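According to the working numbering, the sequence shown is numbered sequentially starting from 13. All C-beta atoms, glycine included, are put in the ideal place defined by N, C-alpha and C. The model shown is predicted, which means the values in this text are computed figures rather than measured ones. I have placed the structure first, in the form of structure tokens, so that the comments after it can refer back to it.
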Amino acid sequence: MLGVTDYGAFVIAFIVLLAIPGPGNFALITSTGKGGIKGGLASTFGIIFGDQALMWLAVAGVAALLAAYPAAFNAMQWLGAAYLAWLGGKMLLSKPGDAPALEIKPKHFMRQTLLITLLNPKAIIFYMAFLPLFVDPARHQGLVTFGFLAVTVAVLTFAYGLIVTLFTHTLAERLRSIPAVTRSLEKLAGFCLIGFGIKLVISR
């Protein structure tokens, strides 16, 4: 199919990867809890735009460039870790009467998840290693093949984000009547974001 081999396996593998807990997932859940369905969908589009940029950078050979210049790779890792830690710290230090750690405006949610996605240079390496597994060398059609995979990634990410957003929004509506639970979940999200930032640095 357009130079793609075992398309069904590609879809299943990517869905599994989407479901793995990570900073993007926690940002999506937090955005929905703070901004409702609009916030969750905006966050989803931030992830989609970030993934598309990283995927095409990988196709263009940026992974090889990062491998040739380790300092650039490390700098991006530190920047990404610092951003995650900053978001997590705002959640941990906020008080019940404070303004939300994340502004309740869709564009802010999209910008934050976009930055979280883009500031993970390992994603470029991942795409560089993952995509070739499903490309048929004998039937490869260049940009058409990778474009087909890119569209698939975008559609699957949107579907996943929509499901998570609707589920989280329904759950959040019930939890808003219990402030203590809401605060505990925000603290947990803050700890997780800081933890992902630390992991990004120590796993170099």
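Check	Outcome
Contact between the segment 169 to 182 and the segment 49 to 66 (3+ Cβ pairs under 8 angstroms)	yes
Reference G48; option with closest CA among G73, F160, G173	G173
Proximity of T129 and I210 at Cβ, strictly below 8 angstroms	no
Neighbour-count burial assignment, D63, 16 or more Cβ in a 10 Å radius	buried
Nearest residue (CA-CA) to L30, options A171, L126, K199, P144	A171
Spatial neighbours of V16 in its chain, beta-carbon cut-off 8 angstroms, leaving aside the 5 residues before and after	F22, F146, V147, D148, T157, F160, L161
Exposure label - K46; buried when at least 16 CB within 10 Å	buried
Cβ separation of A39 and T177, assumed to be a contact under 8 angstroms, to the nearest whole Å	Not really, about 12 angstroms apart at Cβ, beyond 8 angstroms.
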